Structure formats: structure tokens, C-alpha cells
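Undergrad:
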Amino acid sequence: MLGIIIGVGAVVLIMSLGAGAQSLIVGQLDSLGSDLVAIIPGASEETGPPAVAYGIVITSLKHEDILALKDKHNSPDVTYALSYYTTDQTAYWRDASYDASIMGVSGDYFEVEKMEMATGRFFSQEEMNSPLRLAVIGSEVAKDLFGGNDPLGKSIKIKNQTVEVIGVFAEKGKNGISNPNQNIVVPLAFTQKILAGVNYISLARVRVNNVKNINIAMSDIRATIRDKHNITDPADDDFNVRSIKDALELVTTITNAIKYFLAAMAALSLLVGGVGIMNIMLVSVKERTREIGLRKALGARGKQIKEQFLLEAIALTLVGGIIGFVIGILLAFLVSLVVNALGYDWKFVISVSAFLIAFGLSTFIGVVFGLYPAAKAAKLDPIDALRYE
Amino acid sequence: MKKALIDIIDMGKTYVLGDLQTTVLSDINFSIEAGEFVSIMGPSGSGKSTLMHILGLLDRPTDGQYFFGGKDVTKMDDEELAGLRNQEIGFVFQAFNLLARTSVIDNVKLPLLYSKNKSKMEARAKKVLESVGLAHRLNYFTNQISGGEKQRVAIARALVNSPSVIFADEPTGNLDSKSGTQIMEILQNLNNTGVTIILVTHETYTAEHAKRIIKVKDGNLISDEKVKKRRIAKEGEILK
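Here it is in C-alpha cells:
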């Protein structure tokens, strides 16, 4: 029965963890908003990694391209837009240092990023277009760089530049891929002109007025940027437009495949459990040979004997299945407690399908692996059986 | 016409194993009427166990005919035989063959589980246990009762479906003389109420409790005679 317990427990655990992981990733993408569209420099397959993942730096995407998207004549469904140029630097304050992503932005920051302020203020649109040495920092940056001190008004050093902290963001839940609490946000012009010496952007994000309009909006965006880049043939695109919605579907498909594959692996261990059950039942039949002979002598038909032992096998597997299910759920719950304590927004999921699979599988294993011993019992000759020592 | 309960006509049993043929019984002829008390006697290897298995519908003859209650049982399949055993035959074994870790009353109910009429199982089992004097042991477990009590439970179990005939195979073999006498008394009382009893034994002392003794040796019937002086268990085993 141990094999059944482990098998069912593993299947339940994996399906629960899989569902939890799925909801974590999907939740992260969802929290960004399925109305979000990203514009990435460089041509690449929409289902594959962006060009920058290959180490290629594209310099053709400009902030002006993104400004054009806010023109209702170009892309009427685009509501908000934000340009980014991000560079990794170390920030210093007194003796402390912090390795951070210095995120230069210009545009509708709050509507796109969905962050909130804890103290201080954010930049105005003019400030974002100027190379001003101002910064708004994430909650972890504030804690790690400044200890218990109030960061507002203090100056930090980034690449020998003295930057004043004018605001601190409220803490936002981590979601697996990026941690917004570790950002240092500065005006776009500051990163471009002073920190990096470039005139292009590394990323842009826009929001669309309705998820239903995503595809139209993405066409409009592509058309607008092609126009600005003087591209006539889509094969010559030097940029890429991706939606969270597409990413969501892709991620769900991939994680589903992984989840079911792992569960199938776990189910294999159920086969081992089934063999164990068969062995137990075979021994049981052997030990009870005289009893079977007696029952037959008293009038039991072969079919009735077979049913009796089959039911016993199923009872065994069902008990194992219940125990396994409970253990699987408990373990999944423990995992969710630990992961949530680490700051991730993990949902503990008991799916109805896991429950049904657990019981369906247990019963099925009981029937399949109990059949052979039950049939053996049914075929015993009562005279020989009664003589068995 | 076959009016007796049991009619055995030119019956024989031969086992064939490859080239080897073993004849265990041959040319057996007798009839048993309802209400008789017959003892089948024979030494080891005489074929009496095989004869009893065939009579008890656990085995089939290879030659001849066997009519039980007027029906030709050699033509019945395993299922039919099982049904007939359940309804018409009660077995009492030397080694009791009760279910372990099971209560007395659940043991007696066992034949009812395999019968068509499953009504009032508790009541029927209780009644038959009372008739063998075990009303006070209903919920005891088989490991909590004595050998004599175990055999009485076995007799109750054999009676629960109101069979036509009780087959007792060395019923006192595993009992002390006092319990053994008690069991024989119960069997004789049952016979007095009309129950047919077929008792298989190799001991003359036990066989003398019956009214008729059929002797087998080397697979053949060697005698079939009435008992002139019976042992009556109730009266302290006095010969009458």
C-alpha cells in the first residue's frame, strides 16, 4: 500500500504545485495587465526570446517612436505609453552600496507600471525629458542602502554622479521574474545622456484601452513604428511587438505540458504500488486457500469469490489513495506556506481534478492489479483447497 | 424410478495423469433414503474420501450415475453444483473449518451469503445456534471457544439453510471423548427429527452410532449392512 500512498500523494502534490506555479506566473503576467503591450528593439520571433537575450544591441528604437503612439491618428486604442532605458549600476550612500537596475523612464509611469508612492514625489513629464540627477527608489533599496534612515533629500552616487532621492515607492508584491522593489527610477534623459551616452531606448510599454482591441492596437503600433523607421516590408522590422495576452497563453500551454508530464511521471510510481497490491493479494489468496475452499464448499460460485477479492483489493487501494491524497495536500500546503513566507504570491490550490484523478487512479489500480489474484482465487478447486495446509 | 434421496449407480472415478491411470472407485452401487443415518467406513486409501466428495457434490464421477433428489448431477456445471450444495448439503469437517477472526454468528451466516434467500440472516443464524445450545456464544470469536463448541458452531452452520443431508467427515476426530459424545448426541437427535446424516469415519466405535454402515476398500464396496447394536450417545454410549 505504501506504493499507492506515495504514488497518489506524488500525483496530487505535483498537480497542486503545478497549479500553484502556474497561478504564480500567470498572476505575475496578469498583474502587469493583459492590456499591456511591449515594444522591444530588434527583430525576433514573437514566440521566442528578444534579440537582446542573444546579446545583440539594437539602436533604432527611439522615444519619439513611442510618442507617436500617443497620437490618436496613429493608434487610437493606445491609452498610455512609457519608454525605458535601463542600465545596471552600483549606487552608493556613505558606506553602503547597492547593485541596482537604474531604470530611466519617460511617459505615463504610474498608469503603465502600476506602482504607488510611499513618501516623497515622482518626476513631472518635463523632468523626465531632462537629464536631471533625481531618483525615486524602491522599498528594498530604501531599506538596504539607507538602513533605518529617511532617504528623502539624501544624495546617492551612481557612476560618480550625485543623485538626489526625491521619493520612495510603496512595497509591491514580487512575482517571480522581476522585483520592482529593487529598482531605482530616474529620468530617461539621465540614463541616456549621462550614464550611457545613447539616444535610443531599450524597451517601451503601452496599455491598450480594452483587451478585445489588443490585436488591432498591435497592428497600429507596428504600422506607426514602421512609418517612423521608413520600413516598407515587414520582413525588415527592426523591432518587435508582444502582448501579455499572447505571453499568458504561451506560458499556460508550456506550464500545462510540464505539469501533466510530471504528474504522469508520478503516476508511474503508482504502477509500482499496483504491483505491490497484486503481491499482497496473491499472498492473501494463498494464505486463505482453505477459507476459499470452505466458501466454495458452502456454495460460493467462482464469480462470487472473484468479486470478494476484487473488492478487497479496491478497498486497499482506496485507503491508500485517501492517505496519499491527504499527505499530498498537506505537503502542497506546506510548500505554499514556505513560498509565501519568501514573499511570493503563491496560491495553494486543491483542484477538483486532482481529487478525481487520485480516486479514479486508485480504483483503477485496484481493479487492474487485483484482477489476477481474484481470478486465481476463483479458480481454486474446493477439494484441493480444503486439504491445503 | 429414482425415488431415494441419493442413488449411486455403477459409479466409478478414475484419474488420468498423462499415461498414468489411477482408478480410485469402481462399481459403486447403493441408495440412501431421506431420514437415514449412514456411516461410510474404510481405511486410508480406500477411496472413502473420494466417495464422500462425490456424494457431497464437490467432485464428479467419471463413470456411472449419481442422482440427487431425482436429478442427474453428473450433467450439472460447477455453478449448478454450487447452488445445490448451498441449499441441500451441510458439511461438518474434522478440522471444523471456521473462519478465523470472525464471530460465531457471522460464521453461521456464511452459507446464507451465498444463497438466493438472504432475508432475516441474523434471526435464522440465531435460531440454529440455539438448537445446538450455543445461544450464549453468539458474539464470541472462534478463538474464544472450545473445540467441542467449535464443532457445534460448524453443525449450526451446516443446518442454517435447512439442507436435505448433513455430511460429517470424522467430526469427532479432533475432539476429546466427552465433546465427541456431545457431538454424536446432537447428530443422533438431528437424525431423529428427520435430517439425513452421512458420517464418514475409519473408527468402528464412531460408525456404530449410525443405523447403517457402508464399507469400502481399495475402491470397491465390500459391505452394506444395518447396524445390529447401535451406540446411543445420550444414554452414555450404551449399545442398543
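As given, the protein sequences belong to chains A and B, one line each in that order.
Per the numbering used here, the first sequence runs over residues 27 to 415.
Per the numbering used here, the second sequence runs over residues 397 to 636.
For glycine and all other residues, C-beta sits at the position ideal for the given N, C-alpha and C.
Since we're looking at a predicted model, the values are computed, not measured.
Identify whether T597 of chain B lies in helix, strand or coil by the three-state DSSP scheme.
TA: Position 201 of the second sequence, counted from the start, is the residue given in the question as residue 597 of chain B. T597 of chain B falls in the strand class under three-state DSSP.
Undergrad: Do V549 of chain B and V504 of chain B have their CB atoms nearer than 8 Å?
TA: Residue mapping note: residue 549 of chain B aligns to position 153 of the second sequence, counting from 1. Residue mapping note: residue 504 of chain B aligns to position 108 of the second sequence, counting from 1. Yes.
Undergrad: In its own chain, which residues sit with a C-beta less than 8 Å from the C-beta of L495 of chain B, not counting the 5 before and 5 after it?
TA: Counting from 1 along the second sequence, the entry for residue 495 of chain B is found at position 99. Answer for L495 of chain B: D502, N503, L506, T538, listed in chain order.
Undergrad: Quick check: is the beta carbon of L12 of chain A nearer than 8 Å to any beta carbon in chain B?
TA: The structure shown does not extend to residue 12 of chain A, since chain A is modelled only from 27 to 415, so the question has no answer here.
Undergrad: What residues in its chain sit with their C-beta under 7 Å from that of Y398 of chain A, if we drop five residues either side in the sequence?
TA: For the purposes of this step, residue 398 of chain A is taken as residue 372 along the first sequence, with counting starting at 1. Only M304 meet the Cβ criterion.
Undergrad: Within the chosen definition, does the stretch 413-423 of chain B reach the stretch 566-575 of chain B through at least 3 CB pairs nearer than 8 Å?
TA: no
Undergrad: Residues in its own chain within less than 6 Å of K625 of chain B by CB, not counting five upstream and five downstream?
TA: Start at 1 with the first residue of the second sequence, and residue 625 of chain B comes out as number 229. Excluding residues within five positions, the ones whose Cβ falls inside 6 Å are L635.
Undergrad: Output, in chain order, the set of chain A residues within a Cβ distance shorter than 8 Å of I416 of chain B.
TA: Residue mapping note: residue 416 of chain B aligns to position 20 of the second sequence, counting from 1. It should be noted that the sequence gives Leu, not Ile, for residue 416 of chain B. Under the 8 Å cutoff, chain A gives no residues; its nearest Cβ is about 18 Å from L416 of chain B.
Undergrad: For L160 of chain A, which residues from the same chain have a beta carbon less than 7 Å from its beta carbon, with the 5 sequence-adjacent residues on both sides left out?
TA: The count along the first sequence starts at 1 and reaches residue 160 of chain A at position 134. So the qualifying residues of the chain are F149, E153, V189, E190, I192, V212, P213.
Undergrad: Report the start-end ranges of each beta strand (DSSP E) in the stretch 496-569 of chain B that is 3 residues or longer and not cut off at the edges.
TA: Listed in chain order, the complete beta strand (DSSP E) runs (minimum 3 residues) inside the stretch 496-569 of chain B are 561-565.
Undergrad: Does the distance from the CB of L158 of chain A to the CB of G133 of chain A come in under 8 Å?
TA: Taking the first sequence and counting its residues from 1, the one referred to as residue 158 of chain A is at position 132. Taking the first sequence and counting its residues from 1, the one referred to as residue 133 of chain A is at position 107. The answer is no: Cβ separation not under 8 Å.
Undergrad: If you reduce the DSSP assignment to three classes, tell me which class I331 of chain A lands in.
TA: Working through the first sequence from its first residue, we reach residue 331 of chain A at position 305. In this structure, I331 of chain A counts as helix in the three-state DSSP scheme.
Undergrad: Return the residue from the list A:V267, A:V311, A:K271, A:S165 that minimises the CA-CA distance to I210 of chain A.
TA: For the purposes of this step, residue 210 of chain A is taken as residue 184 along the first sequence, with counting starting at 1. When each option's Cα is compared against that of I210 of chain A, the closest is A:S165.
Undergrad: Quick one: does G479 of chain B have its CB under 8 Å from some CB of chain A?
TA: Your numbering for residue 479 of chain B matches position 83 in the second sequence. For G479 of chain B, the answer is yes, since a Cβ of chain A falls inside 8 Å of its Cβ.
Undergrad: Give a yes or no on whether 8 Å exceeds the smallest Cβ distance from E317 of chain A to chain B.
TA: Here residue 317 of chain A corresponds to residue number 291 of the first sequence, with the count starting at 1. Chain B contact via Cβ: present.
Undergrad: Quick one: list the residues of chain A neighbouring L454 of chain B, beta-carbon separation under 7 Å, in chain order.
TA: Locating residue 454 of chain B in the second sequence gives position 58, where the first residue counts as 1. Simply A323, P408, I409.
Undergrad: Could you have a look at V237 of chain A and say whether DSSP puts it in helix, strand or coil?
TA: Here residue 237 of chain A refers to the residue found at position 211 of the first sequence. In the structure shown, V237 of chain A sits in a helix (DSSP, three-state: H, G or I).
Undergrad: At what residues does the beta strand (DSSP E) containing I609 of chain B begin and finish?
TA: Translated into positions along the second sequence, residue 609 of chain B becomes position 213. Here the beta strand (DSSP E) through I609 of chain B covers 608-613.
Undergrad: To the nearest whole angstrom, what separates the beta carbons of G465 of chain B and S560 of chain B, a pair I think is in contact under 8 Å?
TA: By 1-based counting over the second sequence, the position of residue 465 of chain B is 69. By 1-based counting over the second sequence, the position of residue 560 of chain B is 164. Right, their Cβ atoms sit about 7 Å apart.
Undergrad: Rounding to the nearest angstrom, what Cα-Cα distance links G319 of chain A and N425 of chain B in this structure?
TA: Sequence index remark: in the first sequence, residue 319 of chain A carries index 293 (1-based). Sequence index remark: in the second sequence, residue 425 of chain B carries index 29 (1-based). Going from the Cα of G319 of chain A to the Cα of N425 of chain B covers about 28 Å.
Undergrad: Starting from the Cα of V420 of chain B, find the closest Cα among B:R608, B:P457, B:Y536 and give me that residue.
TA: Mapped onto the second sequence, residue 420 of chain B falls at position 24. Per the Cα distances, B:P457.
Undergrad: Return the first residue and the last residue of the beta strand (DSSP E) that K312 of chain A is part of.
TA: In the first sequence, the residue the question calls residue 312 of chain A occupies position 286. Per DSSP, K312 of chain A lies in no beta strand (DSSP E); the unbroken alpha helix (DSSP H) holding it starts and ends at 270-313.
Undergrad: Take V138 of chain A and list the residues in its own chain whose beta-carbon comes closer than 8 Å to its own, dropping the five residues that flank it on each side.
TA: Your numbering for residue 138 of chain A matches position 112 in the first sequence. So the qualifying residues of the chain are L62, Y106, A107, L108, R231, V232, R233.
Undergrad: Out of B:E432, B:D423, B:S422, which one is the CA nearest neighbour of G595 of chain B?
TA: Residue mapping note: residue 595 of chain B aligns to position 199 of the second sequence, counting from 1. According to the sequence provided, residue 595 of chain B is Leu. The question's Gly does not apply to it. Looking at the Cα atoms, B:E432 is the closest of the given residues.
Undergrad: How would you call M407 of chain B, buried or exposed, if buried means at least 16 neighbouring beta carbons within 10 angstroms?
TA: Your numbering for residue 407 of chain B matches position 11 in the second sequence. Buried, by the Cβ-count rule.
Undergrad: Considering only residues of the same chain and omitting the five flanking positions on each side of R520 of chain B, which have a CB-CB separation below 7 Å?
TA: As a working mapping, residue 520 of chain B is identified with position 124 in the second sequence. Only L508, V556 meet the Cβ criterion.
Undergrad: Looking only at C-alpha atoms, which of B:G443, B:S435, B:D474 sits nearest to L453 of chain B?
TA: As a working mapping, residue 453 of chain B is identified with position 57 in the second sequence. Ranking B:G443, B:S435, B:D474 by Cα distance to L453 of chain B puts B:D474 first.
Undergrad: List the residues of chain A whose Cβ lies closer than 8 Å to the Cβ of F487 of chain B, in chain order.
TA: Your numbering for residue 487 of chain B matches position 91 in the second sequence. A323, L324, listed in chain order.
Undergrad: Kindly indicate if chain A contains any beta-carbon less than 8 Å away from that of H598 of chain B.
TA: Position 202 of the second sequence, counted from the start, is the residue given in the question as residue 598 of chain B. For H598 of chain B, no CB of chain A lies under 8 Å from its own CB, so it is not counted at the interface with that chain.
Undergrad: Count the C-beta pairs between the stretch 47-64 of chain A and the stretch 275-291 of chain A that are closer than 8 Å, then say yes if the count reaches three, no if not.
TA: yes
Undergrad: Which residues in the same chain have their Cβ closer than 8 Å to the Cβ of S440 of chain B, if we skip the five residues on either side of it in sequence?
TA: Taking the first residue of the second sequence as 1, we reach residue 440 of chain B at position 44. H598, listed in sequence order.
Undergrad: Using DSSP with H/G/I as helix, E/B as strand and the rest coil, what is Q54 of chain A?
TA: Residue mapping note: residue 54 of chain A aligns to position 28 of the first sequence, counting from 1. The DSSP-derived three-state label of Q54 of chain A is helix.
Undergrad: DSSP state of L229 of chain A, grouped into three classes?
TA: Taking the first sequence and counting its residues from 1, one reaches residue 229 of chain A at position 203. Strand at L229 of chain A.
Undergrad: Note down the Cα distance separating A215 of chain A from N100 of chain A, rounded to an integer number of angstroms.
TA: In the first sequence, the residue the question calls residue 215 of chain A occupies position 189. In the first sequence, the residue the question calls residue 100 of chain A occupies position 74. Whole-angstrom Cα-Cα distance: 25 Å.
Undergrad: Using beta carbons (cut-off 8 Å, strictly below), is G199 of chain A in contact with chain B?
TA: Position 173 of the first sequence, counting from 1, holds the residue named residue 199 of chain A. Judged by the 8 Å Cβ criterion, G199 of chain A is not in contact with chain B.
Undergrad: Taking DSSP's pairing of strands, which residues face D125 of chain A in a bridge?
TA: By 1-based counting over the first sequence, the position of residue 125 of chain A is 99. Note: D125 of chain A sits in a beta bridge opposite A:T116.
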